[in-house]
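Protein chains: 2
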Amino acid sequence: MKFDDEDVFIGIDLGGTNVRVAAITGQGKLINNLETLIKANEGPTEGLKKILTLISQVIDQMQQPIRAIGVGSTGPLDRERGCIQNPYTLPGWEDVDIVSAIGLQFGVPVALENDADAAALGESWLGGGKNSKRLAMVTIGTGVGTAFIFDGKIYRGVLESHPEGGHILIDPNGPACYCGANGCLESLVSGPSIALQANAFYNDSRFLIKNTNGNPNLLDAALVFQGAKNGDLYCRQLVDRIANYIGLGLVTIMMLYIPDCILLSGGVFRSYSLMKGTIENVINRHNVIIPADQVRIDFAKLSQQSGVFGAARAAQLLVNSGGL
Amino acid sequence: MKFDDEDVFIGIDLGGTNVRVAAITGQGKLINNLETLIKANEGPTEGLKKILTLISQVIDQMQQPIRAIGVGSTGPLDRERGCIQNPYTLPGWEDVDIVSAIGLQFGVPVALENDADAAALGESWLGGGKNSKRLAMVTIGTGVGTAFIFDGKIYRGVLESHPEGGHILIDPNGPACYCGANGCLESLVSGPSIALQANAFYNDSRFLIKNTNGNPNLLDAALVFQGAKNGDLYCRQLVDRIANYIGLGLVTIMMLYIPDCILLSGGVFRSYSLMKGTIENVINRHNVIIPADQVRIDFAKLSQQSGVFGAARAAQLLVNSGGL
């Protein structure tokens, strides 16, 4: 390691809604932590200003200089050029050279990572994947994302691309997805897709009608899980189907990575207890030619902090690789 | 490298039918190469004797001592104990400690690898994947197997297990497979499965009836491909369906590995030209969130020799890791 336990790194978690900046030591102690709304629609110039100010505030509260800065950002990114290329969750943020902007102002090396990769790296360093040589992380919320940490490093594909395990095939008769597939995992188990599937039986479900005051536009995945918990038969059946899809997705991930551990995160897994039985049955059924029962399934442990820890870790790895 | 270009390694490719033994230099020159029928049903004692004799014959034809021996064997294996555990393609070969048997006789380190891993390692070293940092190999024949070589080394899962990308999900309404899935890739595109699917239209296909003399038991995948080539509509439709399945399987592999290169091997790919258009269309359709168009699709280049080259390479890597 080319840094000390007490050296300070800045980790930044940039999402579509919030930006969080934390100062974290070489050994992983959180010293300082600030957060603000990014208000992406005000544009990248305003947004960058906000981020730089937040970094300054975090640094000003410390005595010590910082060694490096890491950014975990909602993608797509162009890591080679250090740019955010995001017309989706950060509208108007195209070709935003965040690495140069931060590097020029603070005079330290800056690492840029996809937010899913950063979160998984944080979990691998200090969270639920601490002792896993092969760590897969699966996040199911508005979208479905995966990351893979191998030997403590982010696994990257050709052109340093980020794997997209949220778009592995589950059912070719499933709905069309923007990824080009029909019936990929995201198209079947993301929050919005769960709500869409519940629409089909909305008029039959007294629970859903009652809890949306008869307005199907108020339907969301959380309500479907609540309905299943409260014994609504339609919601229960849908949750079983979703759990089956998730189990099948985890099995395909196992077939290719056979990781030591799969960490689950994201809003849909808040209802894991309602799906656990079905997911485990699917995995057990496939414990034949791969040791599926040896893959630990667990939750991410750092909750909202995995992103800043992972970004700080990316900054450390950048220093170690000589990028300083 | 702890060995020289001129050092000699033995690579062994042990299949259900043949065993092949080759002497290969540190820089990958094939010096010597012998092959014989393994006759697995005569049992492991006879089989091991045959293998040891073949190794001796290869060594006797050379002046030079050998540095190490590598074995690529049809699985399942217990690599930790150096044993073959195979009641399938090597009936009666259970708990066969091939590593000790060879090591004792020749007094050199012995590496044992799954045959799919060995073949991919050979291709990565000297064949179609020579310059690929991330090489996936997909073999479709009697079964469907995959291997993944990352940074020149065999990627292994938990407990050093071998990934089984032949059993990723394609269609949950597909046929049951011994792996525990319904509609995994192997259940839909292996040679036997293609023949099985052709059975459904056998009586409608004049081509198939004519070329099997009316005996549906003579139906095989090669005949289906020949029928498609000769313009038989039923065969053509099935080949299109198979090509679509294969394309979908390659896409799921891309989503998780995003390799530089996917190498194809095995009997079914002898008819690749009949499937190329459909497979490429499927991949192009998914060139959205991953750079699918940057993944080179190519054939394995070492044909029958990839196994012995890969086994010799495994022996070299064992020497390098200090296992001598």
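Line order of the protein sequences matches chains A and B.
Quick note, the first sequence lines up with residues 3 to 326 if you use the working numbering.
Quick note, the second sequence lines up with residues 3 to 326 if you use the working numbering.
Ideal Cβ positions, reconstructed from N, Cα and C, are used throughout, including at glycine.
- In the DSSP assignment, Asp242 (chain B) falls within the unbroken alpha helix (DSSP H) covering 235-259.
- Here Ile26 (chain B) is actually not in contact with Ile57 (chain B); their C-beta atoms are around 13 Å apart, not less than 8 Å.
- Separation of the CB atoms of Gly13 (chain A) and Gly143 (chain A) is rounded to 21 Å, and the pair is thereby denied contact status at 8 Å.
- Under the criterion of beta carbons closer than 8 Å, Gly72 (chain B) and Ala121 (chain B) do not qualify as touching, at roughly 12 Å.
- Three or more Cβ pairs drawn from the stretch 305-315 of chain A and the stretch 115-129 of chain A lie within less than 8 Å of each other, which places the two stretches in contact.
- For Val160 (chain B), there is no enclosing beta strand (DSSP E), as DSSP marks it with neither H nor E.
- Interface flag for Cys181 (chain A) against chain B is set, since a Cβ pair is found closer than 7 Å.
- By the Cβ test, the stretch 300-314 of chain A is in contact with the stretch 126-136 of chain A, since at least three Cβ pairs between them sit closer than 8 Å.
- Pro67 (chain B) is outside the set of residues whose beta carbon lies under 7 Å from a beta carbon in chain A.
- Within the stretch 146-166 of chain B, those residues whose Cβ lies closer than 9 Å to any Cβ of chain A are, in chain order, Thr148, Phe150, Phe152, Tyr157, Arg158, Gly159, Val160, Leu161, Ser163, His164, Pro165, Glu166.
- Of all residues in the stretch 282-293 of chain A, those with a C-beta nearer than 8 Å to a C-beta of chain B are Arg287, His288, Asn289, Val290, Ile291, Ile292, Pro293, reading in chain order.
- Residue state for Ser207 (chain A) is assigned as coil, using DSSP reduced to three classes.
- Chain-ordered listing is empty here: chain B has no CB closer than 9 Å to the CB of Asp97 (chain A), the nearest sitting near 18 Å.
- In the structure shown, the three-state DSSP call for Phe5 (chain A) is coil.
- In this structure, the beta-carbon distance from Ile255 (chain B) to Gly167 (chain B) falls below 7 Å.
- Of the candidates A:Leu187, A:Ile172, A:Gly182, the residue whose Cα lies closest to the Cα of Thr141 (chain A) is A:Leu187.
- Beta-bridge analysis with DSSP links Phe301 (chain A) to A:Leu266.
- Under the Cβ distance rule, Thr76 (chain B) does not count among the residues neighbouring chain A, no pair being separated by less than 7 Å.
- The distance from the Cβ of Val21 (chain B) to that of Lys51 (chain B) is about 11 Å, inconsistent with a contact at the 8 Å cut-off.
- According to DSSP, Gly72 (chain B) shares a beta bridge with B:Gly13, B:Ala113.
- A residue is called buried once 16 or more other Cβ atoms fall within 10 Å of its Cβ, and Thr19 (chain A), having fewer, is exposed.
- For Val23 (chain A), the secondary structure class from DSSP, reduced to helix, strand or coil, is strand.
- For Ala200 (chain A), the three-state secondary structure derived from DSSP is helix.
- When C-alpha distances from Leu32 (chain B) are compared across B:Ala42, B:Leu54, B:Thr38, B:Ile61, the shortest belongs to B:Ile61.
- Ranked by Cα distance from Leu276 (chain B), the options B:Gln29, B:Phe227, B:Gly216 are led by B:Phe227.
- In the structure shown, the three-state DSSP call for Arg81 (chain B) is coil.
- Using beta-carbon distances, Ile264 (chain A) does not count as an interface residue toward chain B, since no partner is under 7 Å.
- In the three-state scheme derived from DSSP, where H, G and I count as helix and E and B as strand, Gly167 (chain B) is classed as helix.
- Between the alpha carbons of Ser102 (chain A) and Ile260 (chain B) lies a gap of roughly 28 Å.
- In this structure, DSSP gives Thr55 (chain B) a helical state, which the three-state scheme calls helix.
- Neighbourhood of Gln239 (chain A) in chain B, by CB distance below 8 Å: empty, with the nearest CB roughly 16 Å away.
- Between Arg69 (chain B) and Val321 (chain B), the C-beta spacing is below 7 Å.
- Neighbours of Tyr259 (chain A) in chain B, taken as residues whose beta carbon is under 8 Å from its own, are Gly159, Pro165, Leu258 in chain order.
- Apart from sequence neighbours up to five positions away, the residues of its chain that approach Gln66 (chain A) with a beta-carbon distance below 7 Å are Val10, ordered along the chain.
- In this structure, the straight-line span from the alpha carbon of Leu54 (chain B) to that of Leu106 (chain B) is close to 11 Å.
- For Asp173 (chain A), the nearest beta carbon of chain B is closer than 7 Å to its own beta carbon.
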